[in-house]
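Working notes for the structure below.
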Amino acid sequence: MCPHILPVLLPYPFKEPFYYQVPLELEYSSLIPGTIVIVPLSNREEIGVIWEKHALPKGITLPEEEPKKIKKIKSIISIIPIPSLPSILLQFIDWVAAYTLSPPGLVLAIALRGVQTYASTNAPKTGWVLSDLSTDKLRMTPAREKILQFLRGKESPFTTGFLVDALRVSSSVIQGLAKAGILEEKLLPYHSPFLEPDPSFHIPQLSEEQQEAADFLSTKVNNKEFSVTLLQGVTGSGKTEVYMQAIATCIEQGQQILILLPEIALSSQWVERFEKRFGVKPALWHSDLTNKQRKLTWQAVIKNEVSVLVGARSALFLPFTHLGLIIIDEEHETSFKQEEGITYHARDMAIVRARLSDCPAVLVSATPSLETLTNAYHHKYHHLTLTARHGGASMPDVQIVDLRATPPHRGLFLSPPLITATQQRLKKGEQVLFFLNRRGYAPLTLCRACGHRLECPHCSAWLVEHRSTQRLVCHHCEYFIPIPKECPHCNAPDSMVPIGPGIERITEEARATFPDAKILVMSSDNLTSPKATAEAIRQIDQKEVNLIIGTQIVAKGWHFPFLTLVGVIDADLGLSGADLRASEKTLQLLHQVGGRAGRAQSAGIVMLQSYLADHPVMETLVKGDFNEFMLQEAAERQMGFWPPYGRLAAIIVSADTNDEAMQIAYELGQNAPQMEGVIVLGPAPAPLALLRSRYRQRLLLRTQKHITIQPILHQWLSSVKAKKSVKIDVDIDPISFL
Ligand code: ADP
Ligand code: ZN
-14 MCPHILPVLL PYPFKEPFYY QVPLELEYSS LIPGTIVIVP LSNREEIGVI WEKHALPKGI
46 TLPEEEPKKI KKIKSIISII PIPSLPSILL QFIDWVAAYT LSPPGLVLAI ALRGVQTYAS
106 TNAPKTGWVL SDLSTDKLRM TPAREKILQF LRGKESPFTT GFLVDALRVS SSVIQGLAKA
166 GILEEKLLPY HSPFLEPDPS FHIPQLSEEQ QEAADFLSTK VNNKEFSVTL LQGVTGSGKT
226 EVYMQAIATC IEQGQQILIL LPEIALSSQW VERFEKRFGV KPALWHSDLT NKQRKLTWQA
286 VIKNEVSVLV GARSALFLPF THLGLIIIDE EHETSFKQEE GITYHARDMA IVRARLSDCP
346 AVLVSATPSL ETLTNAYHHK YHHLTLTARH GGASMPDVQI VDLRATPPHR GLFLSPPLIT
406 ATQQRLKKGE QVLFFLNRRG YAPLTLCRAC GHRLECPHCS AWLVEHRSTQ RLVCHHCEYF
466 IPIPKECPHC NAPDSMVPIG PGIERITEEA RATFPDAKIL VMSSDNLTSP KATAEAIRQI
526 DQKEVNLIIG TQIVAKGWHF PFLTLVGVID ADLGLSGADL RASEKTLQLL HQVGGRAGRA
586 QSAGIVMLQS YLADHPVMET LVKGDFNEFM LQEAAERQMG FWPPYGRLAA IIVSADTNDE
646 AMQIAYELGQ NAPQMEGVIV LGPAPAPLAL LRSRYRQRLL LRTQKHITIQ PILHQWLSSV
706 KAKKSVKIDV DIDPISFL
């Protein structure tokens, strides 16, 4: 009889599954696609998943596999006794791999992050109870007596570990009693570590506008079919309250809900709100989980014991079996784009996952991305709008501080109008926020004598002074040096000067200018854990601080009721540079930061320090007509087939020497696809031409929207043979152009 052969995908950079034979002792019919198995690979044993063929993104096909020679095929070793991966997840993995031009095995690896340790640690847990055997003939010792006394009358089992700790007996005593038949081994009862949220634990009174939006979303949830809705509401309008209502409906349906947040480490306030609304904490998924938490969560998700999970990007790859709703909060955030390894955009892939799962997706933002807004205007997405802040709070008054007219004192960065306004607010007992999206003390250090600038030897980047650690640091690699006393170039003593501000420098200036202020600094340098962030938020909530100085961390969806003034130190930062989305990103960021002001009773103001007072972004921030600006921006992109009206793929060639990188980039340029509607820009040195000692060249492929980009890339890239030391990375729908 011919043995059964099955494809098994392994979580490594393999382009396709390997074939394995089903040994007689394993039941072939139980090996459905998604079954997690152990197979031999070279001399190791590896976890793999029984695979199948899936429909791929429109227009993308994979090369036909060559027929395998049975002779070489090895056997599956065993089946891991956990539920098999749901077929939608398998489909999703193949889809993401095909779309991003990544090996499916690597995408599978993301999905198996909760299983990797499974095999070794999954022995079912047992404990001890007393048997019916009489203890009369037993030789008693004090330790034995202790154990018997403790277990007498107890029905549920206790583990060896517990007994050893609690009774201070050695495990050999327990073994002895077991051998004598006095103790009996019993399976511990299984409790899911996740409690069921109560949809009616605390239902808020919604405003009419909020209720309407909530009802719409609930209908979508009840319909159980794919749809995308943009929930756009001004900052503080209660978007979160509204979508919590949709979550409640979904819980009632017994379905699972996935919420993606851009930075889960900053989610303490969100989790707290969830707990107030539903009585329990949601399950979490992010990179700070311990292996044990990861494993427990993964299993609970696949067994449908978790109904609400909030997570970072990779939560998309969890094995949900009853997904009923996906919410992407702050959908415009570029941190949803994974930039390393598999470059995927979690927002876009979330929509794919919702489509495969036949469930609604909700995109939430005060400042939606151009892509999303365009889809809403073209009626591809439903569009809900919340126009008013909750509880009658008004939108902050946005003012430009024209630095040409009212500059700060020489060498300083706070303008007189901002200083005056800050003093007034602090005096009234209110809180003030200074925002500057730059870590450290100064972004550039140069020699006053010879003009020499201190640069990273491994990256095309200036070294950033961090005064708190007395170092000059590269923000792209790990490189740092002590702050030099003399110029390394001309040896002039004491000639190195810091140029420009980072938040450490603003903090120094603020301490001198507002000596009585209680200052809190918020940046990724000092908020290194979710706990540290939660503590900072608590200090703000309890009014223990009144002047907050922060980087983009403070722009997130925080709700600080006592904060009434936001001062943006350098509103022009981010407008320079060749980034396609420079204006859009700056507008979103500043609008979000400004949105922290005046969210409760007292009206807020936002002061934007700028040398570009007439820039359209500044005018839009003052007028507050975000959508109008975006539509204008869209119109400009339409002509050149830039996204969202065209497709982009970036190709980054990197190598240890500039010559190697240039040579392959040049060859790619020579072989560029020649087709109607397809344009290749470059090659050209990347803005970060040197990164971690690798030389980088970029090309950009731009096509009209109806053209599927992946087959073109496949063909193009296979036309060039590069040495192993030269890396060619493809970034579909690039967000970063560095
Ligand atoms: P957004 O996400 O739109 O910025 P939030 O959902 O954070 O707004 O709401 C702002 C604040 O108003 C939060 O503290 C929230 O709890 C409160 N809030 C919003 N709507 C209501 C409501 N209907 N009842 C009670 N509190 C509400
Ligand atoms: Zn560097």
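Numbering (the working numbering), first residue to last: -14 to 723. Glycine is no exception: its CB is placed at the ideal position from the N, C-alpha and C atoms. If you're wondering where the values come from, they're calculated on a predicted model, not measured in any experiment.
Return helix, strand or coil for residue i, following the three-state DSSP convention.
{"i": "residue 586", "result": "coil"}
{"i": "residue 4", "result": "strand"}
{"i": "residue 249", "result": "helix"}
{"i": "residue 615", "result": "helix"}
{"i": "residue 240", "result": "coil"}
{"i": "residue 576", "result": "helix"}
{"i": "residue 89", "result": "helix"}
{"i": "residue 183", "result": "coil"}
{"i": "residue 22", "result": "strand"}
{"i": "residue 60", "result": "strand"}
{"i": "residue -3", "result": "coil"}
{"i": "residue 296", "result": "strand"}
{"i": "residue 78", "result": "helix"}
{"i": "residue 165", "result": "coil"}
{"i": "residue 99", "result": "coil"}
{"i": "residue 567", "result": "helix"}
{"i": "residue 83", "result": "helix"}
{"i": "residue 231", "result": "helix"}
{"i": "residue 725", "result": "The structure shown does not extend to residue 725, since the chain is modelled only from -14 to 723, so the question has no answer here."}
{"i": "residue 33", "result": "strand"}
{"i": "residue 280", "result": "helix"}
{"i": "residue 261", "result": "helix"}
Between residue i and ligand 2, is there a pair consisting of the residue's CB and a ligand heavy atom that are separated by less than 7 Å?
{"i": "residue 451", "result": "no"}
{"i": "residue 680", "result": "no"}
{"i": "residue 446", "result": "yes"}
{"i": "residue 461", "result": "yes"}
{"i": "residue 344", "result": "no"}
{"i": "residue 464", "result": "yes"}
Identify, in the order they occur along the chain, each residue of the same chain with its Cβ nearer than 6 Å to the Cβ of residue i, setting aside the five sequence neighbours on each side.
{"i": "residue 169", "result": "114, 116"}
{"i": "residue 486", "result": "398"}
{"i": "residue 338", "result": "77, 301"}
{"i": "residue 384", "result": "592"}
{"i": "residue 68", "result": "287"}
{"i": "residue 692", "result": "662"}
{"i": "residue 95", "result": "299, 302"}
Identify, in the order they occur along the chain, each residue of the same chain with its Cβ nearer than 8 Å to the Cβ of residue i, setting aside the five sequence neighbours on each side.
{"i": "residue 517", "result": "511"}
{"i": "residue 484", "result": "427, 428, 429, 430, 431"}
Excluding the five sequence neighbours on either side, which residues of its own chain have a C-beta within less than 7 Å of the C-beta of residue i, listed in chain order?
{"i": "residue 547", "result": "415, 416, 528"}
{"i": "residue 156", "result": "145, 149"}
{"i": "residue 538", "result": "251, 507, 508, 509, 512"}
{"i": "residue 60", "result": "5, 6, 8"}
{"i": "residue 496", "result": "504"}
{"i": "residue 228", "result": "202, 216, 312, 347, 349"}
Closer than 7 Å to a non-hydrogen atom of ligand 1 - does that hold for the CB of residue i?
{"i": "residue 576", "result": "no"}
{"i": "residue 222", "result": "yes"}
{"i": "residue 375", "result": "yes"}
{"i": "residue 536", "result": "no"}
{"i": "residue 350", "result": "no"}
{"i": "residue 584", "result": "yes"}
{"i": "residue 418", "result": "no"}
{"i": "residue 372", "result": "no"}
Since I believe residue j is in contact with residue i (beta carbons under 8 Å), could you give me their beta-carbon distance rounded to a whole number of angstroms?
{"i": "residue 35", "j": "residue 100", "result": "Between residue 100 and residue 35 the Cβ distance is about 14 Å, and since that is not below 8 Å, they are no contact."}
{"i": "residue 595", "j": "residue 387", "result": "7 Å"}
{"i": "residue 581", "j": "residue 299", "result": "Not quite, the Cβ-Cβ distance comes to about 28 Å (not below 8 Å), so this is no contact."}
{"i": "residue 720", "j": "residue 687", "result": "The pair is not a contact, with the Cβ atoms about 15 Å apart (cut-off 8 Å)."}
{"i": "residue 371", "j": "residue 239", "result": "That belief does not hold up - the Cβ atoms of residue 371 and residue 239 are roughly 29 Å apart, past 8 Å."}
Within 8 Å of any Cβ in chain B, is that where the Cβ of residue i sits?
{"i": "residue 184", "result": "Reference to chain B is not applicable here, since this structure consists of a single protein chain."}
Whole runs of the alpha helix (DSSP H) within the region 660 to 708, excluding any shorter than 4 residues: 694 to 702
What ranges does the alpha helix (DSSP H) occupy inside the region 424 to 501, keeping only unbroken runs of at least 4 residues that lie completely in it? 488 to 498
List in chain order: all unbroken beta strand (DSSP E) runs of 3+ residues lying wholly within the region 379 to 424. 382 to 387, 416 to 420
What alpha helix (DSSP H) runs, 4 residues minimum, are completely inside the region 488 to 562? 488 to 498, 515 to 526
Please go through the region 189 to 220 and give each complete beta strand (DSSP E) segment of 3 or more residues, from N-terminal end onward. 212 to 218
Mind pulling the alpha helix (DSSP H) runs of 4 or more residues that sit fully within the region 590 to 649? 601 to 608, 611 to 624
Identify every run of the alpha helix (DSSP H) within the region 102 to 161, keeping only runs that are complete inside it and at least 4 residues long; order them along the chain. 103 to 106, 127 to 136, 145 to 152
4 or more residues per run - each alpha helix (DSSP H) lying fully within the region 330 to 385: 331 to 342, 355 to 362
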